[in-house]
Ligand SMILES: NC(=O)c1ccc[n+]([C@@H]2O[C@H](COP(=O)([O-])OP(=O)(O)OC[C@H]3O[C@@H](n4cnc5c(N)ncnc54)[C@H](O)[C@@H]3O)[C@@H](O)[C@H]2O)c1
């Protein structure tokens with residue numbers, strides 16, 4: 004520990020004692036890279052690079068105070084050694100086989116943690132091919148209606164809590180992108196949602212059934228995919244009532260990460276933009292699922308909203324009102340999980356003179372997503388233990404990690420990565436009774 008005030012000095016945050024159980028619907032590339040990475044770090048085989056909770060620091064007080072503890076020493080987060088895992092998947096592979104098939108991590112690394120990964124077997128999934136057309140698997144729950152399936156997931160949650168000895172749980176969706184769905188009458192209230200589950204209403208997707216089960220059990224729910232899932236009044240109400248936090252959706256990795264780093268810079272310097280064309284080639288299962296136009300539409304909506312909110316064309320019509328923004332994803336098997344994202348950006352400067360920027364990011368999707376999954380589960384667990392955060396439902400301070408942050412109705416989301424980072428760190432300072440940092444800095448010139 005550093006000599007800063009202990010994080011729970013305000014009595015606001017309960018300590019992280021005992022084990023934290025992580026429950027993951029979807030044991031594919033992201034989930035296996037996340038879980039294998041945690042085990043590799045625990046065994047001293049790897050570093051948790053990309054994880055703010057493990058590597059990041061937080062400045063407290065003035066710059067002259069030289070007080071920047073590590074975040075994990077400042078707020079009481081679960082220790083990596085206290086994490087235990089479970090998952091669901093329609094494909095019956097254990098985490099070792101799934102990780103081998105995903106092809107993200109090297110065989111040598113996986114061999115060193117093989118027994119641990121083999122011990123995580125997928126529980127039968129709530130799965131329906133109508134919602135993910137390009138996927139099928141036999142490891143699927145059966146039930147007369149969606150309510151019965153939700154009850155089975157709730158039982159899985161209770162069983163895992165007991166068998167693992169976990170003190171607390173968090174659920175994080177790492178499953179596939181479902182078809183595009185919009186909010187409808189079934190999603191308005193808890194009563195209408197429950198009735199619709201019994202009636203097997205089409206507007207209730209499998210991801211919603213897991214989320215409902217988690218929130219009913221008082222378990223926080225994070226969403227790595229762009230699915231509608233908890234963007235619904237009934238879910239937000241359930242989250243608030245049961246003190247089970249929710250946050251936005253779709254891990255902010257790859258191209259969107261770059262977009263939310265670059266676009267705020269152009270806007271800060273008042274440079275105009277006439278076009279941003281993004282294309283991706285990727286060859287993993289996610290890429291295959293996104294070949295289906297209905298799943299792609301869900302992803303497209305999530306990716307497109309980012310620029311509009313950062314650039315604010317209504318506030319700066321001269322600079323951004325004619326922006327043409329296009330996103331393409333192409334399934335190209337030879338690349339596997341190693342995606343290539345090209346961005347061709349048309350900007351204009353002084354007196355309207357045009358310029359072009361080309362970005363070619365040869366990235367590793369799941370390598371970027373795994374530390375986000377880790378940080379989200381640790382911070383969601385922190386939120387559930389923090390008096391001021393546990394009952395508010397949406398954790399907007401976690402927007403930093405997500406392509407589609409969640410906000411209350413009528414409030415636009417903040418997509419700028421640097422504002423999101425400040426919001427996150429100021430939230431940690433606030434719940435710990437520390438002064439917020441405004442970066443005004445006039446006191447250095449008294
Ligand atoms: N890799 C990234 O950088 C990244 C970034 C943002 C979002 N995502 C999203 O995260 C999700 C996972 O990505 P991935 O690369 O691991 O994909 P993946 O295809 O490797 O894994 C998804 C897994 O989910 C399973 N699944 C599908 N429906 C399910 C259900 N109803 N219940 C339980 N399991 C189910 C599939 O069988 C598969 O094993 C995708 O939705 C993807 O769009 C990934």
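Residue numbers (the numbering used here): 4 to 449. Heads up, the beta-carbon is just placed ideally off N, CA and C, and yes, glycines get one too. Since the model is a prediction, treat every value here as computed from it, not as a measurement.
Can you give me the start and stop residues for the beta strand (DSSP E) that residue 280 sits inside? First-last of the beta strand (DSSP E) with residue 280: 275–285.
Start-to-end residues for the alpha helix (DSSP H) that takes in residue 240: Residues 236–244.
Secondary structure of residue 5, DSSP reduced to three states: Since pLDDT at residue 5 reaches only 37, below the 50 mark, its modelled position is unreliable, and the value read off the structure follows with that caveat. DSSP places residue 5 in coil when its eight states are reduced to three.
Should residue 94 be counted as a contact of ligand 1 given a C-beta to heavy atom distance under 8 Å? Indeed, a heavy atom of ligand 1 lies less than 8 Å from the Cβ.
Keeping to the same chain, check which residues put their C-beta closer than 7 Å to that of residue 419; ignore five residues upstream and five downstream. Residues of the same chain with a CB within less than 7 Å of the CB of residue 419, apart from the 5 flanking positions on each side, are 263, 267, 313 in chain order.
Rounded to whole angstroms, what is the Cα-Cα separation between residue 22 and residue 385? A straight line joining the alpha-carbon of residue 22 with that of residue 385 spans about 13 Å.
Under 9 Å between C-beta atoms of residue 91 and residue 150: Taking 9 Å as the Cβ cut-off, residue 91 and residue 150 do not qualify as a contacting pair.
Nonlocal neighbours in the same chain, by C-beta distance under 8 Å from residue 241, ignoring five residues either side: The residues are 193, 215, 218, 219, 247.
Under the three-state DSSP convention, the category residue 359 falls into: Here DSSP, grouped into helix, strand and coil, assigns residue 359 to strand.
Counting only the same chain and skipping the five closest in sequence on each side, list residues whose C-beta sits under 6 Å from that of residue 332. These residues qualify, in order along the chain: 283, 293.
Would residue 190 be called buried (16 or more neighbouring beta carbons within 10 Å of its own) or exposed? With 16 or more Cβ atoms within 10 Å of its Cβ, residue 190 is classed as buried.
Identify which residue in 137, 136, 125 has its Cα closest to the Cα of residue 143. Looking from the CA of residue 143, the closest CA among 137, 136, 125 belongs to 125.
With a threshold of 8 Å (Cβ to nearest heavy atom), would residue 185 be considered close to ligand 1? At a threshold of 8 Å, residue 185 does not count as near ligand 1, since its beta carbon sits no closer than that to any of the ligand's heavy atoms.
On the criterion of 16 or more Cβ atoms from any shown chain inside 10 Å, does residue 336 qualify as buried, or is it exposed? Exposed, since its Cβ has fewer than 16 Cβ neighbours within 10 Å.
Three or more C-beta pairs under 8 Å: does that hold for the stretch 340–348 against the stretch 358–370? Contact holds: three or more Cβ-Cβ distances are below 8 Å.
Buried or exposed: where does residue 78 fall if 16 or more other Cβ atoms within 10 Å of its Cβ makes it buried? Classification of residue 78: buried, given that the 10 Å Cβ count is 16 or more.
Looking only at its chain, what residues have a beta carbon closer than 8 Å to the beta carbon of residue 2, apart from the 5 residues adjacent to it on each side? Residue 2 is absent from the model: the chain starts at 4 and stops at 449.
Just confirm the distance between the C-beta atoms of residue 401 and residue 382, as a whole number of angstroms; I'd bet it's less than 8 Å. Sure, about 6 Å apart at Cβ, within 8 Å.
Is residue 99 helix, strand or coil when you go by DSSP? Reduced to three states, the DSSP call for residue 99 is helix.
Just checking, does the stretch 424–435 make contact with the stretch 270–281 on the three C-beta pairs under 8 Å criterion? When C-beta atoms of the stretch 424–435 are compared with those of the stretch 270–281, fewer than three pairs fall below 8 Å, so the two segments do not count as touching.
Opposing strand residues paired with residue 125 [DSSP bridges]: Note: residue 125 sits in a beta bridge opposite 90.
To the nearest angstrom, how far is the alpha carbon of residue 408 from that of residue 234? Distance between the alpha carbons of residue 408 and residue 234 is about 10 Å.
To the nearest angstrom, report how far apart residue 447 and residue 66 are at their CA atoms. So the two alpha carbons sit approximately 9 Å from each other.
Taking the C-alpha atoms as reference points, what is the distance between residue 145 and residue 435? Rounded to whole angstroms, the gap between the alpha carbons of residue 145 and residue 435 is 46 Å.
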